[in-house]
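Numbering (our numbering), first residue to last: -13 to 423.
Notes follow the structure.
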RNA sequence: GGAGGAUUCGCCUAGUGGCCUAUGGCGCACGAUUGGAAAUCGUGUUGGGUGUUAAAACCCUCGCGGGUUCAAAUCCCGCAUCCUCCGCCA
């Protein structure tokens, strides 16, 4: 959410920036609603002030034994006026909120133009894309050959866009998760959290999923209690400090959590229907940083490096791109995507998105900061995937596939797995006595 | 699901209709004292909004939302959260 006065003050700038992501800002409407709201507040405040004065006069006169009938009349009239103005105020406030909550964050001017990933600009590549002297298989073929996926039964249980992992596949998912959490907590300084996967409407509003993107979410509840399934741990982690004032000297806060993520994938029918790439439910290790608003750009680089380290340690070739202004998320002002190499598709595919949301979410969620000398402000929030487990598993299967049909496990996972290879017949090559093949 | 209790400023706490513009303590900040510190003394210390060049001033804020009243922390109604007990339960 934006401060409406700042938007109005920087009118043409704000309009220009929002236009880059295809949002047309109606400054006239914003100005009108703000003026109406302010005027209503002033009338209410004045009337309340007079009520107080009248009440004091009533007391004084009553003590002196004078008649207070006229004053009572006046106070009653004021009260009616207040109630009417309050009703107007509620409407203006609601309209203003609706408008403000629907305005996306302002994209950073350094971002390239464009409204799709075609316009993403490559920042760097890492690792050699593997060269195979045999015909590569995609992750679905590999996984089914190894017997570690069961898509038909997933569909039976829940329908399309769900997956079942089995045996070494399920173990691999668990090992990737454990490795990532250990990396972030032990080497990158993140505090691990275990958080609710169902959250309420204010929480979803705080990070920007609501009110505009309700159709992207799974929604549930008990009786008349409404709950949403989180699409990412960014939601609970960022909202941990919603409505709180944080001491500035305690920043940055660095949080991580492994959670299931649920997405309706409305509007993506027919896209990535195969395999683990795009599911209604997947699990992910998420990174969140809550930082001083002035430092968000530097913090973004730090967080990006943490996400990159995951892939480097796993030995997976990837590249980093800067998303164009029209393709970043609603709450973001700057976003890097990390794309991992998928041999079967002969291209890089998104595996991590690392975003600087500036104070956009902090203002929505009410995450404030206070310095020792009493200066107040809003924090900045950042989030990044570090990493989604399913897509990481896809990349491992594809990049580490062998001519004999087996898949070699990345070395960093072996201690978590207890095996170093899934053999072509789906059995594993167990690690014994610290020697593995 | 049932019964009872609680919710006041960062923490603890006083407060049964107007003098609450909320008491006192702890903590914190600044100052005095000191060679320096402790102790002591003094001053300050919820947040939000309107407003202003800045201020002043005003409004809201005693869990949340309504209501009664000229006037509500205080009375009434609803709700939320927490605690205790019973029931159910991974």
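Quick reminder that beta carbons are idealized off the backbone N, C-alpha and C, glycines included.
CA nearest to the CA of residue i, picked from the options
i           : options            : result
residue 355 : 277, 108, 102, 192 : 277
residue 20  : 33, 59, 81         : 81
residue 127 : 409, 390, 383      : 383
residue 287 : 339, 250, 8        : 339
residue 337 : 325, 321, 395      : 325
residue 353 : 376, 393, 193      : 193
residue 133 : 151, 168, 345      : 151
residue 334 : 85, 110, 88        : 110
residue 131 : 143, 119, 154, 144 : 154
residue 89  : 350, 407, 362, 281 : 350
residue 360 : 173, 98, 413, 235  : 235
residue -13 : 400, 378, 347, 160 : 347
residue 65  : 35, 140, 77        : 35
residue -9  : 140, 71, 86        : 86
residue 6   : 412, 294, 319, 367 : 319
residue 343 : 275, 406, 117, 295 : 275
residue 313 : 13, 345, 94        : 94
residue 108 : 49, 367, 308, 362  : 308
residue 250 : 230, 201, 283, 295 : 201
Rounded C-alpha distance that separates residue i from residue j
i           : j           : result
residue 178 : residue 398 : 20 Å
residue 206 : residue 232 : 32 Å
residue 330 : residue 304 : 14 Å
residue 47  : residue 53  : 7 Å
residue 415 : residue 380 : 20 Å
residue 316 : residue 264 : 20 Å
residue 31  : residue 184 : 40 Å
residue 266 : residue 15  : 38 Å
residue 423 : residue 252 : In this prediction, residue 423 has a pLDDT of 45, which is less than 50 and means its spatial position is unreliable; nothing more can be read from the coordinates.
residue 103 : residue 4   : 18 Å
residue 115 : residue 387 : 13 Å
residue 237 : residue 156 : 37 Å
residue 358 : residue 279 : 16 Å
residue 172 : residue 290 : 17 Å
residue 228 : residue 306 : 31 Å
residue -6  : residue 63  : 36 Å
residue 282 : residue 367 : 8 Å
residue 141 : residue 129 : 16 Å
residue 73  : residue 83  : 15 Å
Buried versus exposed call for residue i [16 or more other C-beta atoms within 10 Å across all chains shown]
i           : result
residue 255 : exposed
residue 2   : exposed
residue 26  : buried
residue 225 : buried
residue 40  : buried
residue 270 : buried
residue 365 : buried
residue 175 : exposed
residue 210 : exposed
residue 242 : buried
residue -2  : exposed
residue 220 : buried
residue 143 : exposed
Cβ neighbours of residue i in the same chain (closer than 6 Å, five flanking residues each side left out)
i           : result
residue 44  : 54, 57
residue 424 : Residue 424 lies beyond the residue range present for the chain, which begins at -13 and ends at 423; the question has no answer from this structure.
residue 390 : 410
residue 378 : 162
residue 412 : 132, 133
Residue i beta carbon near the ligand SAH (any heavy atom closer than 8 Å)
i           : result
residue 165 : What this structure holds is no ligand at all, so the ligand SAH is not there to describe.
Same chain, Cβ closer than 8 Å to residue i, five either side skipped, listed in chain order
i           : result
residue 113 : 297, 298, 301, 302, 303, 304, 327
residue 61  : 37, 40, 41, 44
residue 146 : 259
residue 79  : 23
residue 421 : Caution applies to residue 421, whose pLDDT of 48 falls short of 50 and renders its modelled position unreliable; the value that the coordinates give is listed next. Here the set comprises nothing.
residue 119 : 389
residue 293 : 273, 324, 338, 340, 370, 371, 372, 373
Anticipated Cβ contact below 8 Å, residue i with residue j, distance rounded
i           : j           : result
residue 310 : residue 148 : With 8 Å as the limit, residue 310 and residue 148 do not qualify as a contact, their Cβ atoms being about 32 Å apart.
residue 341 : residue 370 : 7 Å
residue 402 : residue 214 : Rounded, the Cβ-Cβ distance is 32 Å, inconsistent with contact.
residue 404 : residue 393 : With a Cβ gap of about 15 Å, residue 404 and residue 393 do not count as contacting.
residue 375 : residue 268 : 7 Å
residue 223 : residue 285 : Contact doesn't hold; Cβ gap of about 15 Å is too wide.
residue 33  : residue 92  : Contact flag wrong, Cβ pair sits at about 38 Å.
residue 182 : residue 203 : Not a contact, Cβ separation roughly 14 Å.
residue 125 : residue 239 : With 8 Å as the limit, residue 125 and residue 239 do not qualify as a contact, their Cβ atoms being about 35 Å apart.
Contacting residues, own chain, Cβ-Cβ under 7 Å from residue i (five flanking each side not counted)
i           : result
residue 196 : 187, 190
residue 29  : 71
residue 295 : 169
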